[in-house]
Structure formats: C-alpha cells, structure tokens
Amino acid sequence: NAGVTQTPKFRVLKTGQSMTLLCAQDMNHEYMYWYRQDPGMGLRLIHYSVGEGTTAKGEVPDGYNVSRLKKQNFLLGLESAAPSQTSVYFCASSIDRPGSGNTIYFGEGSWLTVV
Amino acid sequence: GQQVMQIPQYQHVQEGEDFTTYCNSSTTLSNIQWYKQRPGGHPVFLIQLVKSGEVKKQKRLTFQFGEAKKNSSLHITATQTTDVGTYFCAGGTGANNLFFGTGTRLTVIP
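The listed protein sequences derive, respectively, from chains A and B.
In terms of my numbering, the first sequence opens at residue 2 and continues consecutively.
In terms of my numbering, the second sequence opens at residue -11 and continues consecutively.
Here you go:
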C-alpha cells in the first residue's frame, strides 16, 4: 500500500518552461489537494478536488492548473514557470471532507526550483 | 477570511526541557488536527480534537482544545532529539479543506 505518491521528487526548470507534477493515491480517497510549502509560510493550498472530474481553487491558485480525470490521480500543471514558484509541493488526499474530521495523508513532496 | 495563527515560529530547547506551541483561529472550529513534519519529510497526522475543552495525551505529548473551540495547544514534556521537526495545527470548519497554521519549528539541543 503506497499511500500518496508524487513524481518527480526533484526538478529544476528554466523560467517560462512548463511541467506537470503527478500525484497518485491508492486509498480510494475522494478528496485530493495540492499544497506548496515555503519557509515561514506554512502549507498553502493551491487547488483541490472533491471527486473525479472536479477541481476548485485554493488560497494561491494563480499560475497553476489542475486536472482530476481519474479518481486516483491529481495533476498539477505549471504553464509558464516563474522563480516565485520555486517551492516544495505536497500532494495530499482524504477519504472525505477533512473539515468534518477526516485525516489528510500527504505525499513525500516534490522539490521544484525555477531558475 | 479564515486564519489560523501559530506561535512561536521557532523554538530551540535543551533536551529534557518542555515545549509548547499555540494555535489560534479567527473563527470557531469544528475540529482541530495536529501534524508533525520531520526535517526533509512530509506532514504526518498526530491527533484530532473535536470537543470543547478536550485534552488528549500521546505519551509525552499533550493536546488541548480551547473551551471556545478557537484555540489549541501542543505541549511536549521532557523533549527528546526525536521530537525535532515542525508542528502544524490545522483547523476544520466543516469545509472541504483544513486551514493550516504556519507551523512551529522545534530544535532540540542534545
């Protein structure tokens, strides 16, 4: 049981390049999330999904797009990377609404540097 | 909008000393969860509190949820080097996501 798996773990991009971060969960969870973590800023929600085919904006969605074509996968796209998007990205999932008491399970993180 | 503030941002303690981190919400919460992130790792769930005034213990860790359900604290007794990491609170309001605090990074000096 792998839990939440993210790929790639490390990536260096040039400004203006595009890339996609892949997230897969094998727990049959409905809810999936993408967070970014920057020093002193905690975990900030980028986008989330409450089920297959749905997406919604979080706290810091600008410059990112997401898709949830399959229940187990949640993709985060950067169309034109900027140095401000240098960060650690965490994918996470929850079986149901975490605001109602369900635990969030995090992936191991993806370290992205934009130069 | 919903905000969850956490203090202190950093804490350095000698091994064996106690440690406390505090979490305050701008609105009433339905539940609060605590997560620990080891250096270089990912956040891992520790515990959830739901009831007003609730206190839960996990070995040397004591978690409290305030009477008004707007604040919470995590207290570690007699810290050990294995306690090193960043502790996050995360408030739930019944919504589709949790509101994470900014975290407290704990350093334990041997």
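The C-beta atom is built at its ideal place from N, Cα and C for all residues, glycine as well.
Annotation for Ala25 of chain A: Thr6, Gln73 and Asn74 place their beta carbon closer than 7 Å to its own, counting only its chain and skipping 5 residues before and after.
Cα atoms of Arg45 of chain A and Gln38 of chain A: separation of roughly 6 Å, rounded to the nearest angstrom.
Residue pairing from DSSP leaves Ile47 of chain A without any beta-bridge partner. Nearest CB-CB separation between Phe7 of chain B and chain A: not below the 8 Å threshold. A straight line joining the alpha-carbon of Lys45 of chain B with that of Phe76 of chain B spans about 17 Å.
Between Leu77 of chain A and Trp35 of chain A, the CB-CB gap stays under 8 Å. Annotated as proximal: Gln52 of chain B and Ser61 of chain B, with beta-carbon spacing under 8 Å.
Of A:Glu60, A:His30, A:Ser94 and A:Phe11, the smallest CA-CA separation from Ile47 of chain A is found for A:Glu60.
Using a 10 angstroms sphere on the CB of Gly108 of chain A, the tally of other CB atoms reaches 16 or more, which defines it as buried. Taking a cut-off of 8 Å for Cβ pairs, the segment 16 to 31 of chain B and the segment -6 to 8 of chain B do not touch, as fewer than three such pairs fall below it.
Residues of chain A whose Cβ lies closer than 8 Å to the Cβ of Thr90 of chain B are, in chain order, Gly41, Met42 and Gly43.
Assignment of Thr9 of chain B by DSSP, reduced to helix, strand and coil, places it in the strand class. Residue-level contact check: Pro27 of chain B does not touch chain A, since none of the beta carbons of chain A fall below 8 Å from its beta carbon.
Under the three-state reduction of DSSP output, Ser101 of chain A falls in the helix class. In the assembly as shown, Met33 of chain A is a buried residue. Its beta-carbon has 16 or more other beta-carbons within 10 Å. Interface with chain A (8 Å Cβ-Cβ cutoff): Phe33 of chain B is included.
With fewer than 16 neighbouring CB atoms inside 10 Å of its own CB, Leu70 of chain A falls in the exposed class. Between Pro99 of chain A and Asn85 of chain B, the C-beta gap is smaller than 8 Å, which places the two residues in contact. Relative to Gly54 of chain B, the option among B:Pro(-4), B:Gln(-9), B:Gln(-3) and B:Tyr10 whose CA is nearest is B:Tyr10. At a cut-off of 8 Å between C-beta atoms, Leu62 of chain B does not count as an interface residue with respect to chain A. If you check each beta-carbon in the segment 103 to 116 of chain A against every beta-carbon of chain B, the ones closer than 7 Å belong to Thr104, Ile105, Phe107, Gly108, Glu109 and Gly110.
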